[in-house]
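Chemist: Listed in order, the protein sequences are those of chains U and B.
Position one of the first sequence corresponds to residue 1 (my numbering), numbered consecutively onward.
Position one of the second sequence corresponds to residue 1001 (my numbering), numbered consecutively onward.
We treat Cβ as the ideally placed atom computed from N, Cα and C, and that holds for glycine.
As the structure is a prediction and not an experimental result, all values here were calculated from the model.
2 protein chains.
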Amino acid sequence: MEKELELMVGADDCCTPPLPPLGELQAADLARSFAALADPARLRLYSLISSHDAVCACELVEPLGRSQPTVSHHLKVLYEAGLVERERRGSWIWYRAVPDRLERLVAQLAPRLPVPG
Amino acid sequence: MEKELELMVGADDCCTPPLPPLGELQAADLARSFAALADPARLRLYSLISSHDAVCACELVEPLGRSQPTVSHHLKVLYEAGLVERERRGSWIWYRAVPDRLERLVAQLAPRLPVPG
DNA sequence: ACTATATATCGATATCTGTCAATATGGGGC
DNA sequence: GCCCCATATTGACAGATATCGATATATAGT
Chain U
1 MEKELELMVG ADDCCTPPLP PLGELQAADL ARSFAALADP ARLRLYSLIS SHDAVCACEL
61 VEPLGRSQPT VSHHLKVLYE AGLVERERRG SWIWYRAVPD RLERLVAQLA PRLPVPG
Chain B
1001 MEKELELMVG ADDCCTPPLP PLGELQAADL ARSFAALADP ARLRLYSLIS SHDAVCACEL
1061 VEPLGRSQPT VSHHLKVLYE AGLVERERRG SWIWYRAVPD RLERLVAQLA PRLPVPG
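(1) Are B:A1027 and U:R101 touching if we call contact CB-CB under 8 Å?
(2) Could you round the C-beta distance between U:A38 and B:F1034 to whole angstroms and report it? I think they count as a contact, below 8 Å.
(3) Any idea what DSSP makes of U:A97, helix, strand or coil?
(4) Quick one: does B:Y1095 have its CB under 8 Å from some CB of chain U?
(5) Count the other CB atoms within 10 Å of the CB of B:R1088; is the residue buried (16 or more) or exposed (fewer)?
(6) Let me confirm a value: U:P20 is counted as buried when at least 16 other C-beta atoms fall within 10 Å, else exposed. Which label applies?
(7) Quick check on B:W1092: buried or exposed, where buried means 16 or more other Cβ atoms within 10 Å of its Cβ?
(8) Grab me the residues of U:D29's own chain with a C-beta within less than 8 Å of its C-beta, minus the 5 sequence neighbours each way, in chain order.
(9) What do you reckon, are the CB atoms on B:L1022 and U:S72 nearer than 8 Å?
(10) Taking only the alpha-carbon atoms, compute the straight-line gap between U:A81 and U:S67 and give it to the nearest angstrom.
(11) Hey, how far is the Cα of B:W1094 from the Cα of B:E1103?
(12) Distance, Cα to Cα, U:A36 vs B:E1059?
(13) Consult DSSP for B:R1086 and reduce its assignment to one of helix, strand or coil.
(14) Starting from U:V71, follow its DSSP beta bridges and name the residues at the other end.
(15) Could you check which residue in B:R1096, B:L1078 and B:A1110 has the C-alpha nearest to that of B:S1051?
(16) Does any CB atom of chain B fall closer than 8 Å to the CB of U:L78?
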């Protein structure tokens, strides 16, 4: 029942003016994405994937120390959050991290990080 | 019962070699911090605080649209995650964002972001 | 002391989520 | 077709958490 203005934020501008506070809808979206990072198992999965160029899901079960369904569940959450990509290779599925996604998430919260240099 | 090596990561090196995957303990810590960002109410609170230099807690209840105890609870979570600072001024408490904290969180997950410039 | 206001804590409840065992699905090779 | 393997889904349960009303604490002013 909420009428809300979801602004199209100028994403490719450097040093945009301060963004207005998040609306309910934007906040809900962002929260879902951050929730994907709010679990130890998923963080370890993400870092395991990041430490390879690409990695088969079958190589993630044992180092994570959780059951295969649990790992599958967490991979799905990471995938749906856009934090990892997946690709079939025969009967295996290979995952790779999407670091750009992480940057964009943070950019929504901290639109004006200190300019590097 | 877990014996775990918590590495002191070279934080002020540019282009450090790839970090080893997160251990259980590091992951649990990081997850707690990201969990503070995994809620729409807290994200809106954080963005409200960020859009001021400093802001009184009493000015946050109405724009958030939640009860005062709920706002107090969320502010505590943000504070304990190190994402905001607080300061008494008379009977009010003023909050300000700590953007550096956010950067450090992400740095633990993406130690090698594309070099700016 | 008392009152008023700002903030925090408590207790209860509804909802969400991480985990597993069991089962289902889907591909590859025979 | 059948079997084996990798992955996904289902169902159930325990633990976490967002929310509120009621209450407590703290500060300022009288």
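Modeler: Taking the geometry as given:
(1) On the second sequence, position 27 is the one that residue 1027 of chain B refers to. On the first sequence, position 101 is the one that residue 101 of chain U refers to. Contact: no.
(2) Along the first sequence, read from residue 1 onward, the residue named residue 38 of chain U stands at position 38. Along the second sequence, read from residue 1 onward, the residue named residue 1034 of chain B stands at position 34. Confirmed, Cβ separation roughly 4 Å.
(3) Looking up residue 97 of chain U in the first sequence gives position 97. In the three-state scheme derived from DSSP, where H, G and I count as helix and E and B as strand, U:A97 is classed as strand.
(4) The residue you call residue 1095 of chain B lines up with position 95 of the second sequence. It does not; no Cβ of chain U falls within 8 Å.
(5) In the second sequence, counting from the first residue as 1, residue 1088 of chain B sits at position 88. Its Cβ having fewer than 16 others within 10 Å, B:R1088 is exposed.
(6) Here residue 20 of chain U is taken as the residue at index 20 of the first sequence, counted from 1. U:P20 should be labelled exposed.
(7) The count along the second sequence starts at 1 and reaches residue 1092 of chain B at position 92. Flag for B:W1092 reads exposed.
(8) If you number the first sequence from 1, residue 29 of chain U lands on position 29. No residues qualify anywhere along the chain.
(9) As a first step, residue 1022 of chain B must be located in the second sequence, where it is residue number 22. As a first step, residue 72 of chain U must be located in the first sequence, where it is residue number 72. No, the Cβ-Cβ distance between B:L1022 and U:S72 is not below 8 Å.
(10) Taking the first sequence and counting its residues from 1, the one referred to as residue 81 of chain U is at position 81. Taking the first sequence and counting its residues from 1, the one referred to as residue 67 of chain U is at position 67. Cα-Cα distance, rounded: 21 Å.
(11) For the purposes of this step, residue 1094 of chain B is identified with residue 94 of the second sequence, where counting begins at 1. For the purposes of this step, residue 1103 of chain B is identified with residue 103 of the second sequence, where counting begins at 1. Using only the alpha carbons, I get a separation of about 22 Å.
(12) Counting from 1 along the first sequence, the entry for residue 36 of chain U is found at position 36. Counting from 1 along the second sequence, the entry for residue 1059 of chain B is found at position 59. Cα to Cα, U:A36 sits roughly 30 Å from B:E1059.
(13) Locating residue 1086 of chain B in the second sequence gives position 86, where the first residue counts as 1. Residue state, collapsed to three classes: strand.
(14) Translated into positions along the first sequence, residue 71 of chain U becomes position 71. Under the DSSP definition of a beta bridge, U:V71 lacks any partner.
(15) By 1-based counting over the second sequence, the position of residue 1051 of chain B is 51. Closest by C-alpha distance to B:S1051, out of B:R1096, B:L1078 and B:A1110, is B:R1096.
(16) Within the first sequence, numbered from 1, the residue matching residue 78 of chain U stands at position 78. For U:L78, the answer is no, since every Cβ of chain B falls outside 8 Å of its Cβ.
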